[in-house]
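FYI, UniProt numbering numbers position 197 of the sequence shown as 197, with every residue one higher than the one before it. Working notes, beginning with the structure itself.
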Amino acid sequence: MNKDTRMKLAAEALREFRVAKSFQPTSDIKYSMCFSQNGEHLVSCDHHNLILFNCNKLTQLCMVHMRQFRPELVSFTTQNDRLLHSSTKVDCAIRYLDLSSHQHLGLFSGHTSALRALCLQPGSEHQFMSSGCDDRVFVWDLRTCGYTHQLKHLHRPLLAYDPTGRAFATCHNTERIEIHDVRMLSAKPCQQFGYQLNELAKWTQLQFAPDGKTLLVNTDNAWCFSVDAYRGSFRQAYTGYANRQQLPLQVCYTPDSQYVLAGADNGRIHVWEAVSGDPLVVLRSKSHYPMQCIQFNPRRSMFASGDVRTLLWLTQRKHELKPTAIIDLTATDDSEVELGEIKTASKRQRQRRAWPMPMELPRWPPPSPPPRVLRWRRRRLRQVEDADSLEEGELR
1 MNKDTRMKLA
11 AEALREFRVA
21 KSFQPTSDIK
31 YSMCFSQNGE
41 HLVSCDHHNL
51 ILFNCNKLTQ
61 LCMVHMRQFR
71 PELVSFTTQN
81 DRLLHSSTKV
91 DCAIRYLDLS
101 SHQHLGLFSG
111 HTSALRALCL
121 QPGSEHQFMS
131 SGCDDRVFVW
141 DLRTCGYTHQ
151 LKHLHRPLLA
161 YDPTGRAFAT
171 CHNTERIEIH
181 DVRMLSAKPC
191 QQFGYQLNEL
201 AKWTQLQFAP
211 DGKTLLVNTD
221 NAWCFSVDAY
231 RGSFRQAYTG
241 YANRQQLPLQ
251 VCYTPDSQYV
261 LAGADNGRIH
271 VWEAVSGDPL
281 VVLRSKSHYP
291 MQCIQFNPRR
301 SMFASGDVRT
311 LLWLTQRKHE
321 LKPTAIIDLT
331 ATDDSEVELG
341 EIKTASKRQR
351 QRRAWPMPME
361 LPRWPPPSPP
371 PRVLRWRRRR
381 LRQVEDADSL
391 EEGELR
């Protein structure tokens, strides 16, 4: 049995996420973004450019101009310098781009309308799938230009691979979810889950949890929900965020499947506990645009979001540990360290921590001493009797 190596996130860590780096090389809305499989690179997509970022150094690496193709979806392949992107201007083909040579290595034609989903099969170096507004789902191979299989019976289909890559989920409008085995594409779906049609909330995204136990369904009506991936039963709803324009704002799981993140209006990101559906925190950026894209890094405690900017979010600790002096408690009586030296070092350390030291301001003018009261001693006069009185001028 393989050991579970998925990254674990605590609730307190999610509350401390802040924007670590902001990029705005263009003023266009970002429609898609994707992390590489090793988590070292991020690519974002708008109608005019593909922009590549380094997640280790938090820097922009390059920008590829795509005005002639007008892409809306982008996805890394198993190689960090090769990716797939959609096209909506010239045609609706999928193009295979090599970032090292700045050349397209392949063209995959078949869709007649814009794409709704583009997914690379986990565990495979060549297989990927796409679904479009033309109500068709294609299975592709990077080594050939034509599709290898097609699904036609779906309306407004979406796509999501399970983490093992052995099965994928698709949908028919908001009425049905189908689970297919990748080894039996010509057969009927392995499972089908039916739901009541709801035209007020159109489905915009499907995503399996990283543990493969639940399937997240996103809508354009400011709520998303999860269902059991094996039975299709309802699990939890995640509500309380704003999407006034009913845009296809993205949602995602954390790598440990414990939390759900969703973009919202005014640059906000809402976080819930996946099992209970309880709100955990609302993360705010300095943006007034709807947060269109959101993706969590599969290998690092980092996620990215996009509106007109591309934001990289990292955990910011409130209380950092500061280095302090180390006292060797294992010193014996024969050690050269004397108790007086330890006390002196501790006193100096306290003085450094208390710097700048408080100063006693002089009081000006200085207080004058109280005036001295001089008391003259009263002189007692000698009393002379009449009999002994002296005559004038006589001295005794």
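Just so you know, even glycine gets a beta-carbon here, dropped at the ideal spot from N, CA and C. Given the structure is predicted, the values throughout are model-derived calculations rather than measurements.
As a quick exercise: from Ala-13, Gln-196, Gly-232 and Ile-51, pick the residue whose alpha carbon is nearest that of Ile-179. Gly-232
Residues that DSSP places opposite Leu-261 in a beta bridge: Answer is Cys-252 and Val-271.
Under the assumption that Glu-16 contacts Gln-316 (Cβ atoms under 8 Å), give the Cβ distance between them as a whole number of angstroms. 6 Å
Neighbourhood of Gly-123 by C-beta distance below 6 Å, restricted to the same chain and skipping five residues each side: Gly-165
Burial state of Val-90 (16 or more Cβ within 10 Å): exposed
Just verifying my parser: in three-state terms, what is the DSSP assignment at Ala-11? helix
Cys-171 to Pro-189 span [Cα, whole Å]: 11 Å
With 16 other Cβ atoms within 10 Å as the buried cut-off, status of Leu-278: Rather than Leu, the amino acid found at residue 278 in this sequence is Asp. Its Cβ having fewer than 16 others within 10 Å, Asp-278 is exposed.
Using the Cα positions of Ser-101 and Ile-177, report the straight-line distance between them to the nearest angstrom. 40 Å
With distances taken between CB atoms, is the gap from Met-302 to Leu-283 smaller than 8 Å? no
By how many angstroms is the C-alpha of Pro-157 removed from the C-alpha of Ile-51? 28 Å
When the Cα atoms are used, what is the spatial distance from Gln-236 to Leu-105? Rounded to whole angstroms, Gln-236 to Leu-105 spans 43 Å at the Cα level.
In or out: Thr-112 buried (at least 16 other Cβ within 10 Å) or exposed? Label assigned to Thr-112: exposed.
Is the separation between the beta-carbon of Asp-220 and that of Pro-255 shorter than 8 Å? no
Start and end residues, beta strand (DSSP E) containing Gln-205: 203 to 208
For residue 397, the nearest candidate out of Arg-67, Tyr-195 and Leu-73 (CA to CA): Given that the chain is displayed from residue 1 to residue 396, the structure contains no residue 397 and the question cannot be resolved.
His-48 and Met-33: beta carbons closer than 8 Å? When the beta-carbon positions are compared, His-48 and Met-33 stay at least 8 Å from each other.
Considering Cα atoms alone, identify which of Trp-203, Ala-20, Val-43 and Tyr-147 is closest to Glu-72. Val-43
Could you check whether Tyr-96 and Arg-116 sit closer than 8 Å to each other, using their CB atoms as the reference points? Not in contact: Arg-116 and Tyr-96 (Cβ atoms no closer than 8 Å).
Whole-number beta carbon distance between Gln-245 and Pro-290, since they are thought to touch under 8 Å: 7 Å
For Asn-80, which of helix, strand or coil comes out of DSSP? coil
Compute the beta-carbon to beta-carbon distance between Ser-197 and Asn-173, rounded to the nearest angstrom, for a pair I have assumed lies under 8 Å. Before going further, note that residue 197 is Leu rather than Ser in the sequence given. Taking the Cβ atoms as the reference, Leu-197 lies roughly 7 Å from Asn-173, within the contact range of under 8 Å.
Taking the straight line between their C-alpha atoms, what separation do you get for Ser-257 and Val-217? Ser-257 and Val-217 have their C-alpha atoms some 14 Å from each other.
Drop a sphere of 10 angstroms on the beta-carbon of Cys-119, count the other beta-carbons inside from all chains shown, and report buried for 16 or more, exposed for fewer. Counting other Cβ atoms within 10 Å of its Cβ, Cys-119 reaches 16 or more and is therefore classed as buried.
How many angstroms separate the CA atom of Ala-11 from the CA atom of Val-281? Those two C-alpha atoms are separated by around 9 Å.
Residue from Leu-215, Ser-226 and Trp-272 with nearest C-alpha to Gly-240: Trp-272
Which residues in the same chain as Asp-28 place their Cβ atom closer than 8 Å to its Cβ, once the five residues preceding and following it in sequence are excluded? Counting only residues of its own chain and dropping the five nearest sequence neighbours on each side, Asp-28 has a CB closer than 8 Å to the CB of Asp-46, His-47, His-48, Asn-49 and Val-308.
Does DSSP classify residue 397 as helix, strand or coil? Nothing about residue 397 can be read from this structure; the chain reaches only from 1 to 396.
When we look at the beta-carbon of Glu-8 and count the other beta-carbons within 10 Å, is it buried (16 or more) or exposed? Glu is not the amino acid found at residue 8; the sequence shown has Lys there. With fewer than 16 Cβ atoms within 10 Å of its Cβ, Lys-8 is classed as exposed.
Which one of Thr-148, His-126 and Asp-98 has the shortest CA to CA distance from Ser-109? Of all alpha-carbon atoms in Thr-148, His-126 and Asp-98, the one lying nearest the alpha-carbon of Ser-109 is that of Thr-148.
Same chain, Cβ closer than 8 Å to Ala-114, neighbours up to 5 away in sequence not counted: Glu-72, Ser-86, Thr-88, Cys-92, Gly-132 and Cys-133
Rounded to whole angstroms, what is the Cα-Cα separation between Lys-213 and Ala-160? Lys-213 and Ala-160 have their C-alpha atoms some 13 Å from each other.
Please report the straight-line C-alpha distance between Ala-274 and Tyr-259, rounded to a whole angstrom. Distance between the alpha carbons of Ala-274 and Tyr-259 is about 5 Å.
Counting along the chain, where does the beta strand (DSSP E) carrying Thr-219 start and finish? 214 to 219
Taking the alpha-carbon of Gly-191 as reference, which of His-155, Arg-183 and Tyr-230 has the nearest alpha-carbon? Looking at the sequence shown, residue 191 is not Gly but Gln. Looking at the Cα atoms, Tyr-230 is the closest of the given residues.
Can you check which of these residues, Cys-293, Ala-187 and Tyr-253, is closest to Ala-264 by C-alpha distance? Cys-293
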